[in-house]
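> Mind having a look at this structure? Questions to follow.
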């Protein structure tokens, strides 16, 4: 069982060592800009490392959008980051489930997700799994409520889409963490990664505000249970830098028995 952290991208392997992490996640570019990744000088070192690597796509990616000026660049950016992540030997590229505009029909967002995978196939195929992450807020989100997630998977499951469960997002999004792994697997058939985060916001608050394990509103045992039941690697995206994340990793490792 691998447990790690989201870290600064400058030297992710050094950040992993500082935290005693078995896995790392990082951005390849500014997460708020439509920038394509550039080759990294440490690519060979990252590929050769025993640390498991995950790359998070920019937050700005929203392939579900009904706005062509967002949706089309998002598709292209997702493909560019998938190729760059694969060059590093990453196990997956995490991307948020996205949303449609206020008052818009979510069905169009699900269709746009399917079209994003079709676009990827037309461009030679995805070189690594794309892991769709559940999100915390918004009634117009494609992956907040699990009934909507099921509709999304009807469109993307055939393309081999993977899933990343964020415990903070699920809790703040109004989904009970008890038995959550079985519920998700009944929809997606898989969980590829856990974002093991506590939540500053309350249940169903819609607030995407991560906290250190045991400091927020989530019972730590529910996070541990999700890691155990999924058998997936876990990444903490929690505050406090090396000190805070090291403590979270140690706590989860001890309680999950890894």
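Numbering (the working numbering), first residue to last: 1 to 258.
For every residue, glycine included, the Cβ atom is placed at its ideal position computed from N, Cα and C.
Skipping 5 residues on each side, what residues in its chain have a beta carbon closer than 6 Å to that of residue 116?
Taking the chain shown and counting its residues from 1, the one referred to as residue 116 is at position 116. The beta carbon of residue 116 is closer than 6 Å to those of 63 and 75 in its chain, skipping five residues each way along the sequence.
> Considering only the alpha carbon of each residue, which of 25, 66 and 128 lies closest to residue 111?
Numbered from its first residue, the chain shown carries residue 111 at position 111. Closest by alpha carbon: 66.
> Taking 8 Å as the cut-off, does the stretch 49-56 touch the stretch 14-29 (at least 3 CB pairs, one atom from each stretch)?
yes
> Using only the alpha-carbon positions, how far apart do residue 126 and residue 163 sit?
Within the chain shown, residue 126 is the residue found at index 126, counting from 1. Within the chain shown, residue 163 is the residue found at index 163, counting from 1. Roughly 15 Å between the two C-alpha positions.
> Could you check if residue 197 is buried or exposed, using at least 16 other CB atoms within 10 Å of its CB as the buried criterion?
Position 197 of the chain shown holds residue 197. Looking at its Cβ environment, which holds 16 or more other Cβ atoms inside 10 Å, residue 197 is buried.
> With distance defined between alpha-carbon atoms, name the residue in 175, 45 and 243 nearest to residue 7.
Indexing the chain shown from 1 puts residue 7 at position 7. Nearest C-alpha to residue 7: 243.
> Exposed or buried, residue 33, counting other C-beta atoms within 10 Å across all chains shown (16 or more means buried)?
Along the chain shown, one-based indexing puts residue 33 at 33. Answer is exposed; the Cβ neighbour count stays below 16.
> Tell me the DSSP bridge mates of residue 198?
To locate residue 198, count along the chain shown from 1; it is residue 198. Looking at the DSSP assignment, residue 198 forms a beta bridge with 211.
> Specify the secondary structure class of residue 166 as computed by DSSP and reduced to three states.
Taking the first residue of the chain shown as 1, we reach residue 166 at position 166. It is a strand residue.
> DSSP three-state label for residue 7, please.
Against the chain shown, residue 7 aligns to sequence position 7. Three-state result, residue 7: coil.
> Specify whether the stretch 217-224 and the stretch 197-207 touch according to this definition: at least 3 beta carbon pairs, one from each stretch, less than 8 Å apart.
The stretch 217-224 is in contact with the stretch 197-207.
> Suppose you measure from the CA of residue 108 to the CA of residue 100; what does that come to, to the nearest Å?
Looking up residue 108 in the chain shown gives position 108. Looking up residue 100 in the chain shown gives position 100. Computed Cα separation, rounded: 8 Å.
> If you check the beta carbons only, do residue 94 and residue 133 fall under 7 Å apart?
Working through the chain shown from its first residue, we reach residue 94 at position 94. Working through the chain shown from its first residue, we reach residue 133 at position 133. Yes, Cβ-Cβ distance for residue 94 and residue 133 is below 7 Å.
> Contact defined as beta carbons within less than 8 Å: I believe residue 157 pairs with residue 188. What is the distance between those atoms, to the nearest angstrom?
By 1-based counting over the chain shown, the position of residue 157 is 157. By 1-based counting over the chain shown, the position of residue 188 is 188. Their Cβ separation, rounded to whole angstroms, is 7 Å, which keeps residue 157 and residue 188 in contact under 8 Å.
> What would DSSP say about residue 193, mapped onto helix, strand or coil?
Along the chain shown, one-based indexing puts residue 193 at 193. Three-state result, residue 193: strand.
> What is the DSSP secondary structure of residue 128, counted as helix, strand or coil?
As a first step, residue 128 is located in the chain shown; it is residue number 128 there, counting from the start. Residue 128 carries a coil assignment under DSSP once its states are collapsed to helix, strand and coil.
> Under 7 Å, do residue 177 and residue 222 count as touching if we go by C-beta distance?
Translated into the one-based positions of the chain shown, residue 177 becomes position 177. Translated into the one-based positions of the chain shown, residue 222 becomes position 222. Cβ atoms of residue 177 and residue 222: closer than 7 Å.
> Using CA atoms only, rank isn't needed, just tell me which of 207, 233, 173 and 128 is closest to residue 145.
Indexing the chain shown from 1 puts residue 145 at position 145. Nearest neighbour of residue 145 by Cα position, chosen from 207, 233, 173 and 128, turns out to be 173.
> How should residue 129 be labelled, buried or exposed, when 16 other C-beta atoms within 10 angstroms of its C-beta is the threshold for buried?
In the chain shown, the residue the question calls residue 129 occupies position 129. Buried.
> Going by C-alpha to C-alpha distance, which of 160, 29, 179 and 231 sits closest to residue 194?
Stepping through the chain shown from its first residue, residue 194 is reached at position 194. It is 231.
> Pull the bridge partners of residue 133 from the DSSP assignment, please.
To locate residue 133, count along the chain shown from 1; it is residue 133. Paired residues: 96 and 164.
> Under a Cβ-count criterion, where at least 16 other Cβ atoms within 10 Å of its own Cβ denotes burial, should residue 160 be classed as buried or exposed?
Indexing the chain shown from 1 puts residue 160 at position 160. Its Cβ having fewer than 16 others within 10 Å, residue 160 is exposed.
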